[in-house]
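First the structure, in the form of structure tokens, and then the observations on it.
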Amino acid sequence: MSPPVSPHQENIHTVCMYSLGGGSPVSSRRPATSSACRVAWLWYSSAMGDMRMAMTYEQLLGVFGADTVVRVPGASVAHEPTRRWLADVGLPREAANLRLDSASGLPTAAEASSQTLPAAIGKMLVLGTVTEQGGTVLLDGTTGAVYEGYLALLSDARFQPELLASDLSSLVGLMTAVTRMHRDQGEFARFAGRRGQAVAAEMTENLLGVIREHDPRLLDVSSEISGHWRVAAHIAPLDRVAGPGEDLALELPPGLLAKAFEDDLRRYEDADLPAVLTHEPTRRFLREHGLANTNYCLLDEQAQTLTDYFHGNRDAYPDLFTDYFRGHFADDGETLSEHVGNLIRLGSIADEIDLVMEGATGRLLGWYRPEGKHRPVNVDVSAMAFAQWLIRQVQLLDPVQDLIQAEASMITNLTRILAGTARGRLQRRHLRVTRTGLRHRGGLFRLFGREPGWPSRRSRPASRGGGSPGGSGRPHRTPKPHAHSVCPLPPRPAPTPDSGPQPAGPRSETSLTYRSRVTGRTRRGRPRAGPGAVW
């Protein structure tokens, strides 16, 4: 009678089958006995015994491709399982907003930094970065844990790196899971071709389940734990909510904006829109969906052409409007050129940028008042409305999930969604990530470099007219934190038993206070690095 097979043996049987090219594991109660599997058994027992997830080099090749997986034999790492993982399994060069392009050389943090670092941090090995603008990914060669932090700030003893993964197997396993989620592969294959809020919520729960199963500590909302994977779980699936449209860039689900913004939503009747708006899909979208009236997008009480806007306000602000339209007057100095005069003003999207629209195409432009010029800010109203909805999801989720802790990763995810949801129709050339966050080339997403003032209630001076001359002078609108979002908002997770020390209590005199650029929340405690910090 054969001895019982332990779960450990079943696990190595799975590894053997993958390493031999057998695809998914077969339903056998006995482990394979070939020489290749015996080698895999010895390797698993020695190298994987202290790792959280089992994976082989062949599996990585199947997901990422031969040119995107790097192995590092003979790495100067004291932690034996980590050294064997680097030599035998390897790391993907780029996935899940992590760029591990330094893994082949493994310089120390002290070598990569121009500043003097504490000894414990200086001897960590640099694997790469979190996105182009995020922190540095660091490997602790003694424990095998993976961290992220900004080297320029880690020289200050008040700053400590945040845990990104408990070991390399967890890091690579989660990178693989996020990649499969984007590609509808593996456990996410059933989501192929499906869209909607319910689909996004289910994908979020799936990825959260993977994290809970293999490295639950990463879901702790703590200043000691990176928010990178929480962002991946809650923000990345939102690209499934809207699909490509026919007449406009995106097709939004009915009631999407109404549920998110409630009283802050502005729908336009046909009588509210100028006759020069001849683009029927745009008129229909503004009538059925509308736009949100928010801190970063203050809509006028009435949409009007720039010609009507000029004649209605020049008597009150003669010098201001002469400068506002400089270079766009006809020879008489009183009449605007036809192209400019027929642009439709909707409101303002920043302190010195007005939102205008081309009536014939529905294309959205930003009128830069200091320059007296306009530039494209978005493809159309559908793309702008979806961007507003995405921002609201961040505002709703952040108080519970602390997404701003991983702001660089969050902004990269939002950029990817906006640039790719409509299969390229959002024109990637208009989007870029800068040190101040996600910015649209025309200024629509400059809110990530501004302070929307949420949830603090601040008023815009009436003399500014809602951010532009002749505006309504409405108070600075403040979104109300609602209890709903695409995904259910769970209570703040309790720390797991092995989550280590928790953040200190009252703020010390040496601590700093900063305000998030996305949510406007004032944060206290140990200062945190990132493009959203305002010192």
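For the sequence shown, my numbering gives the first residue as 627, with consecutive numbering after it. C-beta: ideal position from N, C-alpha, C; glycine also. These numbers were taken from a predicted model, which means no experiment stands behind them.
Which value, in whole angstroms, describes the spacing of the CA atoms of residue i and residue j?
i	j	result
Y644	T762	Residue placement at Y644 is poorly supported in this model, since its pLDDT is 32, which falls under 50; the coordinates still yield a value, given next. Distance between the alpha carbons of Y644 and T762 is about 33 Å.
A658	V836	In this prediction, A658 has a pLDDT of 36, which is less than 50 and means its spatial position is unreliable; what the coordinates show is noted afterwards. Going from the Cα of A658 to the Cα of V836 covers about 27 Å.
G973	V902	17 Å
G988	A701	57 Å
A704	D714	16 Å
C923	W993	13 Å
A826	G881	16 Å
A692	G716	11 Å
F817	R809	10 Å
L883	R719	38 Å
Q1014	N921	11 Å
R682	L780	Per the sequence shown, residue 682 should be read as Thr rather than Arg. The straight-line gap from Cα to Cα measures roughly 34 Å.
E877	T1041	18 Å
L794	T742	26 Å
L789	T768	15 Å
H905	M677	58 Å
K749	Y776	15 Å
L1138	D926	Any reading at L1138 is ruled out, since the residue's pLDDT is 36, under 50, leaving its predicted position unreliable.
E888	L764	44 Å
L899	G799	52 Å
P879	A1032	29 Å
R843	M801	16 Å
F911	A986	15 Å
I747	R709	19 Å
R995	L932	13 Å
P1114	D846	Since pLDDT at P1114 reaches only 41, below the 50 mark, its modelled position is unreliable, and no value is offered.
H1000	G938	21 Å
L1016	R838	25 Å
R806	I975	36 Å
A745	A722	30 Å
P1025	Q1019	11 Å
P733	L686	24 Å
A735	G770	15 Å
State the start and end residues of the unbroken alpha helix (DSSP H) segment that holds residue i.
i	result
L912	906-914
L1044	1033-1046
M1010	1007-1027
E706	706-714
G819	Here G819 belongs to no alpha helix (DSSP H), and DSSP marks it neither H nor E.
F814	Neither: F814 is in no alpha helix (DSSP H) and is coded neither H nor E.
V804	794-809
E737	735-738
V902	Segment: none, V902 is in no alpha helix (DSSP H) and carries neither H nor E.
F785	Run containing F785: none; DSSP gives neither H nor E here.
R856	854-860
A778	777-780
A886	882-887
How many whole angstroms separate the CB atoms of residue i and residue j, which I take to be in contact at a CB cut-off of 8 Å?
i	j	result
A1190	V772	With the chain represented from 627 up to 1161, any question about residue 1190 goes unanswered, as that position is not in the structure.
A791	L797	4 Å
P907	D934	Incorrect: roughly 23 Å between the Cβ atoms, too far for contact.
V1003	L991	6 Å
G760	A1045	That belief does not hold up - the Cβ atoms of G760 and A1045 are roughly 18 Å apart, past 8 Å.
E774	H854	7 Å
Just list the residues that DSSP pairs residue i with in beta bridges.
i	result
T768	Answer is none; T768 lacks a bridge partner.
D841	In the DSSP output, where bridge partners are listed per residue, D841 has none listed.
A701	Beta-bridge pairing links A701 to no other residue.
W993	D980, H1000
I747	Beta-bridge pairing links I747 to no other residue.
G869	E877
E895	Paired residue(s): none; E895 is not in a bridge.
Y773	L764, L789
E720	R725
Would you mind reading off the limits of the beta strand (DSSP E) that contains residue i?
i	result
R971	970-976
D926	924-931
T753	Note that residue 753 corresponds to Leu in the displayed sequence, not to Thr. Start and end: 751-756.
D980	979-983
V1003	999-1004
Y683	Note, Y683: premise wrong, no beta strand (DSSP E); alpha helix (DSSP H) at 683-690.
L788	The question names Leu, but residue 788 is Glu in the sequence shown. From DSSP, the beta strand (DSSP E) with E788 extends over 788-791.
- Query: Does the segment 887-898 come within contact of the segment 864-874, defined as at least 3 CB pairs closer than 8 Å?
  - Reply: Under the 8 Å Cβ criterion, the segment 887-898 does not count as touching the segment 864-874, having fewer than three qualifying pairs.
- Query: Does the segment 1010-1020 come close enough to the segment 914-934 to have 3 or more Cβ pairs within less than 8 Å?
  - Reply: Yes: the two stretches touch, three or more of their Cβ pairs being nearer than 8 Å.
- Query: Are at least three pairs of beta-carbons, each pair with one atom in the segment 739-756 and one in the segment 716-731, less than 8 Å apart?
  - Reply: In short, these stretches touch, since the Cβ pair count reaches three.
- Query: Is it true that the segment 974-993 meets the segment 848-860, where meeting means three or more beta-carbon pairs spaced less than 8 Å apart?
  - Reply: As far as the Cβ criterion goes, the segment 974-993 does not touch the segment 848-860, which means the pair count is below three.
- Task: State whether the segment 820-838 contacts the segment 852-861, with contact taken as three or more CB pairs (one from each stretch) at a distance under 8 Å.
- Result: Short answer: they touch.
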